[in-house]
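To start, the structure under review is shown below, and the notes come after it.
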Amino acid sequence: NHYATHRRRLMAYGKWEPEWIDPTEAQIHLATLRAAGLGHRRLSKLTGLSRPTLQQIPRVTRVSRKTRDAILAVPIPVTALFPPVFAPGTQISAIGSQRRLRALAAIGWDSETVGALPGGSRHRVTTITSGRQTKVTVARARTIAELFNQLHMKPGPSAKARRLAELKGWDVPFAWDE
């Protein structure tokens, strides 16, 4: 048949590339992306592959070249702060946001003032700062990071917030590495 003849000819010239290949490279890359915090829903959007396909990759013994290439095309997030590949609704640890809000309190920015800024809410600031909220969305973390970047070099108006932060041992900005 024509396919077999074509395949033999390409093999003879060393140019044959089978459609189904070893999945190891795709499996490792996918596991790395998952470990970096990307979920199947987000990966599905980035790769153009269905979620069931992505969920099966760790268990398959071979994968199509097209599927492997789609997975490898997604860059592994390397930026330190909320890479754009993270969907805004992705839940992440609130520790970074908590540290930023506590640092602002240490220089006089109280939850009332910070909460009144665009994207803020006094209640939300308080629950994150206190540690009661352990997860935040990427969108919320980005908003808090933007607020921190705007305010961390300016002393806040609240001596009460400074005293409370000192009593609780909260660090000022730049006391910790990010």
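Start counting the sequence shown at 153; every next residue gets the next number (the numbering used here). Beta carbons: idealized from backbone N, C-alpha and C, even for Gly.
DSSP, reduced to helix, strand and coil, places S282 within a helical segment of the structure shown. P309 and I259 have their alpha carbons spaced roughly 9 Å apart. 8 Å or more divides the Cβ of S245 from the Cβ of I280. Counting along the chain, T176 sits inside the alpha helix (DSSP H) bounded by residues 176-187.
T199 and R315 have their C-alpha atoms some 50 Å from each other.
T289 sits in a strand when the DSSP states are folded into three classes.
Secondary structure of S245 (DSSP, three-state): strand.
Approximately 5 Å separates the beta-carbon atoms of I223 and A178; this is inside 8 Å, confirming the contact. Membership of L206 in the alpha helix (DSSP H) is indicated by the continuous run 203-208.
When the Cα atoms are used, A268 and R211 turn out to be separated by approximately 50 Å. For I173, the secondary structure class from DSSP, reduced to helix, strand or coil, is strand. Distance check between T278 and each of E264, V290, K287, V288 places E264 closest, using alpha-carbon atoms only.
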